Structure formats: structure tokens, C-alpha cells
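Written below as C-alpha cells is the structure these notes are about.
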Amino acid sequence: MDKTYQPQAIESQWYQTWEENGYFKPQGGATPYSIMIPPPNVTGNLHMGHGFNNAVMDAMIRYHRMQGDDTLWQMGTDHAGIATQMVVERQLAAEGINRHDLGREKFLERVWEWKAESGGNITRQLRRLGSSLDWSRERFTMDEGLSNAVKEAFVRLHEDGLIYRGKRLVNWDPKLHTAISDVEVENHDEKGFLWHLRYPLADGATTADGKTYLVVATTRPETMLGDTAVAVHPEDERYQALIGKEIELPLVGRRIPVVADDYVDREFGTGCVKITPAHDFNDYEVGKRHNMALINVLDESAHILAQAQVFNLDGSPRNDLDTSLPAAYAGQDRYAARKQIIADLESADLLEKIDDHALKVPRGDRSGVVIEPWLTDQWYVSTKPLAEPAIKAVEDGEVQFVPKQYENMYFSWMRDIQDWCISRQLWWGHRIPAWYDKAGNVYVARDEQEARTKHNLGPEVELSQDEDVLDTWFSSGLWTFSTLGWPEQTDFLKKFHPTDLLVTGFDIIFFWVARMMMMTLHLVKDENGRGQVPFKTVYVHGLVRDGQGQKMSKSKGNVLDPLDIIDGIDLESLVAKRTKGLMRPKDAPKIEKQTRKEFPEGIDAFGTDALRMTFCSLASTGRDIKFDMGRVEGYRNFCNKMWNAARYVLMNTEEQDCGQDDSTDYELSLADRWIISRLQQAEKAVSEALDSYRLDLATQAFYEFFWNEYCDWYLELSKPVLWDDNATSAQKKGTRRTLIRVLETALRLAHPLIPFITEEIWQRVKTLAGQGGDTIMLAPYPAFDASLIDTGATSDIEWLKGVIVGVRNIRGEMNIAPGKAIPAYMQHGGSEDKQRLTANQQFLQKLANLESVTWLEPGDEAPLSATALVGKLEILVPMAGLIDVDAEKARLNKELERLNKDKERVSGKLNNPNFVDKAPAAVVDKEKAKLNGITDSIKALDEQLKAIEAM
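Per our numbering, numbering of the sequence shown is gapless, rising by one per residue and ending at 1367.
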């Protein structure tokens, strides 16, 4: 083995070997186990969230693969409708053209060209992360098979009365000209204004205090053009007499009623709220309760219409209202119209006041523009009938959430579910399988020919397909079964569905998890015709945040790229990466300064295993993850420790008899029996942790076993046997056998967490350990064996460790060099202590570097010594001749002087009333704890000084 661990030299090579040999494919085991990857966007790059959930999924799939299960980790990517279309549209803009210049067919050709050339970036990155996905079955949500599944699902849901077309409010992006989902809307805290407008009362009505108008407050004055009412609380005494009266809508002249509704907060503003059902989601609900008209005043680009569009609540046109709007605003952008409307209101003495106001502004995550609630014709899934069986499946335990508390979030959403808008006004995506004739009749079918056949439409009937495409989440909702060949009843569908585990963030429980539950239970049936769940367990994890707990975002400049941690990046490249393409370029200097402070030398190359082990150590289920680069460094050090331990083992076992032939002519030492016993406990702890999805506990259990027990103790305990000329060949063989077999087993135990280093070392030790096989990936996972637990050996080694640590502590306290052999005495112990000393004197003298060990019987005089305790046993190390008395006294006095100054300073602070009364309690408590620590240190040094002065 190379002297130094260099992950870059082994990782890519091993991944290529694994993939080329087909190790990621199902291997034909008896018990199926499957995970579907949450399909990353084809436009995307690997981010920390991907890195985290892929580390979790890969650990679980490797664990089950090694247990002999027939594992399938299904790979696939999402076509990412808006994101992909934007990428290609930007390319066209650079050429001076747009998609309309090309037309739909040519534009889609360009998208497919881009996908072929650049759409595989994230799949290359997933390979770098070590994800053992079955690449041979890779799917894409726009491939032919999945497209057929999408059409089939749409038609079946429509035939079952669960898909319909209607005119309703949606999140509308005025730049992209499409409806978007809630998950694509980002709410930004921004500074704005609250305009207080006077709405004149009609027919001479007045308020209780004699005013001829009501004052309403709004953050969007331009929507007043579409107001249909002013609402007050039914129990608000100020306005009860006005309920049923009318307002004359300023600038428009249309009369609108004053209505009573519990939605109104009497304490906010004046207690009067303008109601604009066609431009506000809450107002829409008020409008439904009062059967109001829907008056749309904006076009698709959020410009003011010349004539309002008026509809009934069912979306049908309404012709009994005046639809004219002030000509002065026609064609104006919403914000230009806002300015003019405010100016006109002020001129008419209808502007009461303007207040500064902090508000949450909804912006499209792709376009960055403010989203408008807008009234359009869209396709919807009727979700309430689908939600009922999806709720029951979780209630009955068919699907388990880990941690269980997320069931409550799921139930809350599902029990208050709204119909799902599934259409998008894009060109890239699954085109809706619906056709229209010239009269506007709709025919839903899998293709045009089927539409004609089903509805007896002859060639003289001209049909045109719906221009819209389906929401990306629609195809994602079919993911667990469409990737397995549905609607065909394939062998893979029969074997691997329902899937076993879904790993996802809490933020898409509704957008994806719930929708998969609804769609799958309705569309996929078992052999008894009963709806299947898509998965048995949902592992929900938190967001990966930075070390300060802040959400990682490009605008904050705190984003980390997993590949930069794996392969390293220099400072200048990191700065350029973090400051490129900012929405607010003026933030670049601040982000650059922050980056240079945080990473003055860039980011080291830590390798994949160190990063994966970090992710696994943070996988405590459910909570947000604070990512700390210091932890990655710690796990790189751990990998170095494994590498060096393996080198030591190989140097002492290669070309040696290690019992490969399973002969019995070997003798196990106490240390051998102890480490074998501790290995069983580690196997049990790691397996139990993985079975309960506590990857953090699995990581901790393995770390503690390998570093603290195998490396720090067992390797040291092996040396007295291997290097002792008096040890028998059977004893040496026993220790060599144990060294190599425990290492080989530990590698298999850790493989799901850190696959690359374990494979590299395993290939070098497997034969010596009597193991066969081509890859550790398919080697059997270690299983706990209770017969190998040796409680006696454990007790004896714990005693031995206690004595060695006691001697080492005395060395540290008395400043005795580790290389200096020293005498030791023992007293006050029992017969068991004496017996253990006799049996382990060789170990003690070697590992504690003792020149002699003497047992003091009752009555024997003990020399002046430093003391350590192991139970009742006292370990004595005489001080005479071991230390430079004058030098040690000078050192202790100097340390006491420093501590006394610290004590005086902290005491002064705590005796100062200004500090104690004004400082936060936590700060005061911290200072008190500091004082207690200083006092204890002074006491300990005083005792040492007295002992030395008595010499």
C-alpha cells in the first residue's frame, strides 16, 4: 500500500470497475429491496441536499445488497419543465431569436439537443459521490415509456371523473407566462407600503362617526380596479349599520356592496378590507361565500386590460356587469398603473395616508418576478377522493414515516387538501392528451386517433391538441411505478413494487410524497385488485444548512458544492463561483469578503468517503443539518487512520500464516478474545442503527470501535505478542489471524458508509483473511454472533486499559517523558487485581513503558508517589529521580501565578454589580463556571507543589 491515503487515486477507478462489472444491478437475491431516487432536475448540479440524501440512500442500498437482498436503486432524472425551457430560451436569446421564431416543433428539437449534450452533468456528479445506482435502467421523465405512462394516467383519471378543466385562480408568472406550483414560489421579506384609500359610500350613507367614506388598506392598489366588495366583520359595531349598503368604487364608478365576513380582522387597520376575488386567494374564498363575480383586470403579462373580464364562480362568462376600465391605465404595466392610480386618488382627495410596511413578496424561483394570483383556464386533479385512501394507508401503518412526527404534517396537508392545478403554459413537457374541435368541445384520449374512435369523429372534424403541458410533479407522482414499466405488468413491477424506502426532505412531503401516495394507490393494483402504496417507509430529513444554521443560498454566498469538498477548489475559483450570476450583483463584494475570510486557502480535497461519513454522522432523522467543515476534516483523518492501520496489519501478516486454511493450531491472547468480542458488539450496534435509519448512530458506533478500540488499543496490544521472541508460533498466529480477520470484517461493516477506502483495503486483505469474492460490495454483511462475546476478556482488558491510562495520566501531570521507563507500585487491590497483574505484566510493561511493577503487601512502605486509581487499586509512580525538582517547581509556580491572575480578573467581574445585573444570565453563568474551573486547577497544582517540596 502507498504510504499516504490519496482518495483521488482510488475513487474514480473503483467506481468505474463497479459500474462496468454490473455490480449495481439486481443480483437475483431472494428478497427484493428497492429505492427510487428522487429524480434530480436534468438542468441541475449536485448540491448539498443531493449529497446528503444520496449518501443516506447509498448506505441503505449497499447495506441490503450485502445482506443478500435483490436490490434495485432506480436511477432517473426529471425533465424540469420551466428550468429546462429557460436554459434553452437563454441560448436562443444569445443568438438573437426566441422560441416563437422557431415554432414549437423546432424549439423542442433544440431542447432535446441540449439534453443530449449537457443534460448529463448531474449524473456524472452522482457517480463521483459513489452512488451505486442501476445505470442500466436509467429513466428520464420525458422518455417514451414514461410519456406513455403519463398519458395513460391522465386518461384513466379523467375517465374516473378525477381530472377536469376549470377557470380558477393560480400562481401566475407574468414573465414566463405560465402557472407555477407553490413550491416554485419563494416568499421574500421586502420593504413596501400600505396605502390607505377612501372608498365613498353611495346614496348619502355615513359611518358611525359621520364620515362619508370607508378607509381600506392595501399593498396592491392596482387591483382595486377589480374590487367586488368591501368586507367588515359581522360583529364590528362600527360598521354593522352599513352591511348591505354600497360603495362607489373610486376611479371606476362601479357600485360594490359592503358585506360581513369572519375573514376580516377587526384589529387590523380600519377593520375594512377590499375584496378582489380574481386577484387574491383569500378574497377568492370570500367571493365564493358571497357568490361574487370574478373581475379580472390584468393580462398574461400583468398589464391592465382595456376591458375587464368578468366571470361567475364556475368560470362561465358573466355579461350583466359593466366591464369598462379607465382608458388611462389600459396597457400599462401593473407598477406603472399603480403609480398613476395613487396619483389620481391623491388628486381626488381619496388617499388617506401611506405607511411603510414590511411584507412577504411572492416571487417566481426561476424568473424572480412578483407572482400574480390570476384567473385562467387550467386542468385540475380532484384530490379529496384520492386523499382518503392515502390518509388511511398511513393511519393503518402500511406506510411509515421516519421520524414518526412527520405523519402529523402529512395528515394536516391531506385533510385540508385543495384540487391540484396540473397544467402549465410551456412547450417543454408532457403535452396534455386532450383535443378540441372548433366548437370548443374537449376529447381526452391517449392520441388523436383514439379520440376520434371513442367519440365517432370523422375526418371532416378538425381537431387541435391542447397547447399546455403537464406540471412536472404529475409525472414525478408516477415515479415509483412508471419507471418499472407500468402500465405493463412487467416482472420488475411485480418484484420491486411497492418500493421499500423513500428518502426525501420535509419540504416536499406534500408536493411529491403525498401526490405519489394518491396517484399510486389509485392507479396501481395488486393481484387482488387492491391499491398499492408506492413505498413502505418514508425517511424524512431536514435541510442542509451552513455551520451557523443558516439556509444555504447563492444570494447569501454560503453555498457549498459537494464536489468542491471532494476534489478541492482554490480560493480564486471559489470566489468566482460564489459571485457569478447573482440576482443582486451589488452583493458580490460582501460575498467575496466573506468567502476569503472563511476559506483563506480555498477548500482542500477531502475525498468522497470523508464527505459521505460526515453526511451519515449528521443523519439524525428529521432535524435540519448544520454542516461543519471541521467535521469533514475529522473524518478525513479517520480515513487516514484506517489506511495506516491497514498498512500496519499488512506489514505484520503478508506472507505469513494467518490461519487462512481455518486450521486450529493457533492460540488467542486475552487481547485477541477482547477485540473479537468488541467486534460483535460493534456489528450489533451498527446493524441496529441502520435498521432504524439512524445513520448517525451507525457512524458513531463504527468510529468508536475502529479508532478507540481497534487502533488505539488492540493494535498496540498486538505488538508485545508479535515482537516478543518468547511468544510461541501458535500465539503469533492467533494474533495475526485476529488482526487480519477483524480488519476485514470491519471493512465490510463500514462499506455502506465509506465505500471506496473499504474496497481498496479489502482487496488487499481478503485472501489473508480467508475471504473470496471479486468485490466487497457483494461480500456478506457482518452478523452479530453471541457465542463470540467474552465478558471475562472484556473485564480484564478494561482493567488493563485503566492501569495504562492511569500511568499515562501521571506522566502527563508530572511532565515525565513518554520514552522514559519508570517503576510502578500497586497496592490496596483485591486478589483479582493481583491475578490480572500477574497475567498481564508483559502488556503493562510494554504499553505503559514500565521498568518494573511491584505489588505492595499490607505493611509495605510506599515511596512518595503520584497516584492513580482503578477501582480500589492504587497505582503509584515514585517521583524521586524522575523529575527535575527545581524545574518542575518553577513551572508549577509560573502556572499558579497565571491562574491566580485569571482568578482575580474573573472574580472582579463577578463582584461588579454592573456586570452581574446587566449581562445575560448565560454569560454570567459562563463566568462562574470559568471561576470554578480556575479554582479547581489552582487546588490541584498546590497539591502537586506540596508533594514535590516534600521530596
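For each residue, glycine too, the CB sits at the ideal point set by N, CA and C. Predicted model only: the values in this text are computed from it and were never measured.
query	result
Could you give the residue range of the beta strand (DSSP E) that holds residue 1131?	Element bounds for residue 1131: not the beta strand (DSSP E) but the alpha helix (DSSP H), 1131-1138.
Considering just the uninterrupted stretch of the beta strand (DSSP E) at residue 955, what are its terminal residues?	951-957
Measuring only the C-alpha atoms, how far is residue 693 from residue 961?	39 Å
Residue 637 and residue 629 look like a contact to me (Cβ under 8 Å); what is the Cβ gap, rounded to whole Å?	Wrong, their Cβ atoms sit about 16 Å apart, outside the cutoff.
Smallest Cα separation from residue 720: which of 1273, 1188, 642 and 528?	642
Taking 8 Å as the threshold (C-beta atoms), are residue 1034 and residue 1180 in contact?	no
Between the stretch 478-487 and the stretch 437-453, do three or more beta carbon pairs fall short of 8 Å?	yes
List the endpoints of the continuous beta strand (DSSP E) containing residue 1294.	1289-1294
Would you list the residues sitting across from residue 851 in a DSSP beta bridge?	859 and 881
Can you tell me the Cα-Cα spacing of residue 1345 and residue 1331, whole angstroms?	16 Å
Looking at C-alpha atoms only, which residue of 1227, 1161 and 1072 is the closest neighbour of residue 1097?	1161
Taking residue 1153 and residue 1195 to be in contact with their CB atoms under 8 Å, please state how far apart those CB atoms are, rounded to whole angstroms.	Not quite, the Cβ-Cβ distance comes to about 18 Å (not below 8 Å), so this is no contact.
What first and last residue would you give for the alpha helix (DSSP H) that runs through residue 789?	Not the alpha helix (DSSP H): residue 789 falls in the beta strand (DSSP E), residues 788-797.
Per the contact definition of three or more C-beta pairs closer than 8 Å, is the stretch 887-897 in contact with the stretch 919-928?	yes
Going by beta-carbon coordinates alone, are residue 604 and residue 750 separated by less than 8 Å?	no
Between the C-alpha atoms of residue 685 and residue 700, what's the straight-line distance to the nearest angstrom?	21 Å
Is DSSP giving residue 1198 helix, strand or coil here?	coil
Below 8 Å between beta carbons: does that hold for residue 648 and residue 676?	yes
Which value, in whole angstroms, describes the spacing of the CA atoms of residue 673 and residue 541?	60 Å
Suppose the cutoff is 7 Å on Cβ atoms and the five residues either side in sequence are ignored; what does the same chain contact list for residue 912 look like?	448, 450, 488 and 900
Verify whether the separation of the beta carbon atoms of residue 934 and residue 1024 is less than 8 Å.	no
Using alpha carbons as the reference points, say which of 897, 1321, 1316 and 1197 lies closest to residue 1355.	1316
What is the rounded straight-line gap between the Cα of residue 503 and the Cα of residue 510?	11 Å
Who are the near neighbours of residue 1123 in its chain, counting only those whose CB is closer than 8 Å to its CB and skipping five residues on each side?	1054 and 1057
Can you tell me whether DSSP reads residue 634 as helix, strand or coil?	strand
Exposed or buried, which one is residue 519 when buried takes at least 16 other CB atoms within 10 Å?	exposed
Run through DSSP, which three-state label would residue 1271 get?	strand
Looking only at its own chain, which residues have a Cβ that is under 8 Å from the Cβ of residue 990, when we skip the five neighbours before and after it?	980, 1011, 1015, 1018 and 1019
Under three-state DSSP, which class holds residue 600?	helix
Considering Cα atoms alone, identify which of 468, 878, 993 and 1187 is closest to residue 1029.	468
I believe residue 1151 touches residue 1138 by the beta-carbon criterion, under 8 Å. Please report the beta-carbon distance rounded to the nearest angstrom.	6 Å
Would the stretch 433-440 and the stretch 544-551 be scored as touching if the rule is three or more Cβ pairs under 8 Å?	yes
Quick one: complete alpha helix (DSSP H) runs, 4+ long, within the stretch 1008-1044?	1024-1033
Taking 7 Å as the limit between beta carbons, can you name the residues of its chain near residue 516, skipping five residues before and five after?	none
For residue 1048, which residues from the same chain have a beta carbon less than 7 Å from its beta carbon, with the 5 sequence-adjacent residues on both sides left out?	981, 1022, 1026, 1027 and 1030
With distances taken from CA atoms, which of 1326, 1248 and 1231 is nearest residue 1305?	1231
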